[in-house]
Amino acid sequence: MTRRAGPALAALVVVLVAVLSPPPKAAAAPLLWRLEQPAPPAGVPFKVPLGQPGDLQFWSPNRGLLAVAGNGAVRRGLLYWNGSNWRQLASVCGGPADTARIAWAGPAEFWVISEPSQPRSGSGLALCHFEGGQVVGSYSTRVDATDPYRTMLAATCSGPDDCWFGGIGSQDTLGEHIGAFHLHWNGSELRSVYGPQGRSVSDMEFHQGHLYESVLVGRSPENRVDPVDLAEEEDVPSLLHEISAGDFENDPFLPTPIVGVPDDGTELLALDSDGSDLWAVGGGAASGPSAPPESSVPRLPLAAHLVGGEFQELTLKGAAFGPRDRFGDVAALPGTGAAMATVVPYADRRSANSKATVAAIAADGSLTTTRLPGAGTGRGSAAHIACPAPNDCWMVTWAGWLFHYSESQALPIDEDPAFQGTIDFRPNEAAEQFIPDTLPEDDSLLFAPPPEEAEKEQSQRRAKRRPPLLKDVRSHLDGLTLTVSFVVTRKARVQLIAKRAGRPVARTPLRTFAPGPRALHLRLRRERYPTALAFRTKEVKR
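Note that the sequence shown ends on residue 566 in our numbering; no numbers are left out.
(1) Quick check on Ala129: does DSSP put it in helix, strand or coil?
(2) Could you name the residues of the same chain whose beta carbon sits closer than 8 Å to that of Lys515, not counting the 5 residues immediately before and after it, in chain order?
(3) Could you compute how far the alpha carbon of Trp303 sits from the alpha carbon of Ser297?
(4) Which of helix, strand or coil does DSSP assign to Glu453?
(5) Nearest to Gly146 by alpha carbon, out of Thr123, Gly161, Gly156?
(6) According to DSSP, what are the bridge partners of Gln563?
(7) Cα separation between Gly203 and Glu439?
(8) Are Pro143 and Ala454 close, meaning C-beta to C-beta below 8 Å?
(9) Is Ala97 helix, strand or coil by DSSP?
(10) Report the partner residues of Leu56 according to the DSSP bridge assignment.
(11) DSSP has Gly306 in a bridge; who is on the other side?
(12) Taking only the alpha-carbon atoms, compute the straight-line gap between Val136 and Val511 and give it to the nearest angstrom.
(13) When the Cα atoms are used, what is the spatial distance from Arg125 to Val497?
(14) Within a Cβ cutoff of 7 Å, which residues of the same chain sit near Gly190, ignoring the five residues on either side of it in sequence?
(15) Is Gly101 near the ligand FMN, judged by its Cβ being under 7 Å from some heavy atom?
(16) Apart from the five residues on each side of it in sequence, which residues of its chain come closer than 6 Å, Cβ to Cβ, to Gly402?
(17) By Cβ distance below 6 Å, which residues in the same chain neighbour Arg374 in space, the five residues on each side in sequence not counted?
(18) Given a cut-off of 8 Å on the beta-carbon distance, is the pair Ala97 and Val72 in contact?
(19) Could you spell out where the beta strand (DSSP E) holding Val160 opens and where it closes?
(20) For Val508, which option in Pro528, Leu548, Arg524 has the closest C-alpha, if you only look at C-alpha atoms?
(21) In the DSSP assignment, find the unbroken beta strand (DSSP E) run with Tyr236 in it and report its ends.
(22) With a threshold of 6 Å on Cβ separation, who are the neighbours of Asn95 within its own chain once the five nearest residues in sequence on each side are excluded?
(23) If I'm right that Val420 touches Leu80 with Cβ under 8 Å, what's the distance once you round it to whole angstroms?
(24) In this structure, how does DSSP classify Pro441 when only helix, strand and coil are distinguished?
(25) Between Leu278 and Pro554, what straight-line distance do the alpha-carbon atoms span, to the nearest angstrom?
(26) Assuming Cys152 contacts Arg450 under a Cβ cut-off of 8 Å, what Cβ separation, rounded to an integer in Å, is found between them?
(27) Per DSSP, Ala363 forms a beta bridge with which residues?
(28) If you compare alpha carbons, which of Tyr429, Gly183, Pro261, Trp425 is closest to Pro64?
(29) Near Ser45, what residues of its chain come up, given a Cβ to Cβ distance below 6 Å and the 5 sequence neighbours on each side ignored?
(30) For Ala363 versus Ala355, is the C-beta spacing smaller than 8 Å?
(31) Does the beta-carbon distance from Thr393 to Ala343 come in below 8 Å?
(32) Tell me the DSSP secondary structure of Ala522 in three-state form.
(33) Out of Ile282, Asp253, Gly389, Pro220, state which residue places its alpha-carbon closest to the alpha-carbon of Leu340.
(34) Do you know how far the Cα of Val217 is from the Cα of Glu258?
(35) Are there 16 or more other CB atoms within 10 angstroms of the CB of Ser430, so buried, or fewer, so exposed?
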């Protein structure tokens with residue numbers, strides 16, 4: 025027999041349950057795309073577009089970078105996301121949207137493909153190396169250099185000592201190296217490498233210890249005329265390469281043949297990896313001999329997924345596409361096996377007023393598309409997309425409007441000191457790589473008497489000073505080898521230090537010399553040429 029509780033006991037139970045039960049969780053906002061534009065610049069009363077975007081990359085959900093070309097209200101350079109808001113991080117090392125690219129090398133270290141320092145010029149012909157909240161390296165070459173930089177369009181790093189930058193099909197000045205231009209950073213220097221199949225690089229990505237690159241059909245974007253230099257002829261363009269120790273190997277992936285689409289009518293535009301899954305996307309070729317003038321080859325967008333070490337093209341279902349639609353960029357959704365991609369009709373690829381389209385692609389090829397904004401006028405075609413977390417994506421339009429896919433949950437604010445200031449200084453590599461015929465004038469007052477001794481000498485002429493440790497200093501420059509000779513007056517330890525902007529850029533080992541004529545040899549670097557020299561000395565007591 026079941027006994028029912030009386031009214032008083034029932035009321036007590038209700039109270040206890042109310043007291044002891046945890047409070048209900050606040051309902052999360054629905055997961056959808058929202059316009060989240062940065063605050064307007066000072067003096068501007070309303071939010072404005074940022075200008076054409078070059079790249080959008082995240083280290084974590086609360087640490088992101090956006091390269092913008094800027095406009096009349098927004099400065100060209102880099103914007104930074106700290107988990108709560110976007111703001112200007114750097115007003116230097118910007119560039120046009122078609123070539124500005126970002127590659128993270130560490131939590132506070134990254135590279136940007138940029139324009140050279142003045143008086144040099146040219147889109148995608150320079151690199152800026154950021155570390156610890158400043159530009160620590162700036163690199164470009166003269167136009168008439170023996171091994172000049174060529175236009176770069178892609179960048180990726182596996183760490184601080186391994187970064188790659190890929191560009192257009194070209195050759196060096198002497199014609200000794202022909203193919204797709206690349207630069208490789210090994211932690212201490214940049215070295216040019218030419219891929220043998222000279223198709224323009226569209227993107228590069230490290231994935232599970234391997235380096236992959238995607239390519240266009242032509243030698244540069246939308247280049248339908250200039251022939252491509254191929255070390256090995258290809259019946260069907262190989263659109264994916266793997267790079268290992270500087271060697272290039274064609275990936276066996278080939279697009280699925282489609283009736284009416286020529287063999288060279290497809291190209292890849294973007295890659296992305298979340299560490300577990302690697303995606304490649306593209307569509308009808310807009311470069312190469314089969315691309316029609318001012319248009320792309322009509323075909324459906326292409327999405328391929330790396331499965332079991334092989335790329336497999338997905339059969340897309342769930343949405344209708346136009347014949348000129350292409351997937352322009354892709355972002356793997358971490359840990360889900362799915363991805364987000366931008367859908368861009370060729371005619372709208374640089375539109376500042378059309379509506380953007382984003383596709384959510386499952387691993388089986390099923391997808392849904394979303395038009396942004398959902399209401400009102402267009403804010404530009406989709407340009408770049410990035411997803412630092414499964415339910416956290418950003419998309420920037422060609423006009424420079426930012427959309428955020430999230431549940432609107434607060435993130436911890438990134439307070440890393442390297443991202444708190446505004447970087448407005450960049451070393452002028454055009455000046456650094458000018459090698460003068462003579463050494464810079466020594467203005468370090470190294471051999472001037474100490475102030476106290478100078479005053480003492482003036483007031484007490486009879487006071488006898490000991491001679492300096494070094495005298496009769498002379499220098500000779502042979503190419504990039506600097507030889508400094510001197511006479512040691514007493515046994516001493518001596519080191520020669522070359523400085524630029526007050527910071528050491530080269531130094532010799534600290535050596536011990538007996539009295540007599542001596543010399544030190546210092547190897548200089550073009551990209552870090554010194555503006556001052558100094559000695560470090562210490563007398564050795566016998």
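No residue lacks a Cβ here, since even glycine has one placed at the ideal position from N, Cα and C.
According to the structure data:
(1) strand
(2) Thr536, Phe537, Ala538, Pro539, Glu563, Val564, Arg566
(3) 6 Å
(4) helix
(5) Thr123
(6) Note that residue 563 corresponds to Glu in the displayed sequence, not to Gln. Ala516.
(7) 44 Å
(8) yes
(9) It is coil, neither helix nor strand.
(10) Ser430
(11) Leu292, Leu326
(12) 47 Å
(13) The C-alpha of Arg125 lies about 47 Å from the C-alpha of Val497.
(14) Met176, Leu177, Ala178, Ala204, His206, Val225, Met228, Glu237
(15) With respect to the ligand FMN, the structure offers nothing, as it holds no ligand at all.
(16) Asn377, Ser378, Lys379
(17) Trp422
(18) yes
(19) 158-163
(20) Leu548
(21) Element bounds for Tyr236: 234-239.
(22) Gly75
(23) 5 Å
(24) Helix at Pro441.
(25) Taken atom to atom, the span from the alpha-carbon of Leu278 to that of Pro554 is near 51 Å.
(26) The pair is a contact, with the Cβ atoms about 6 Å apart (cut-off 8 Å).
(27) Ala356, Ile385
(28) Trp425
(29) Because the pLDDT of Ser45 is 39, which lies under 50, any placement of that residue in the model is unreliable, and the number read from its coordinates should be weighed accordingly. Cβ neighbours of Ser45 beyond the five flanking positions: none.
(30) In terms of Cβ geometry, Ala363 and Ala355 form a close pair [threshold 8 Å].
(31) Result yes, Cβ atoms of Thr393 and Ala343 sit closer than 8 Å.
(32) strand
(33) Closest by alpha carbon: Gly389.
(34) If I take the Cα positions, the gap works out to 21 Å.
(35) buried
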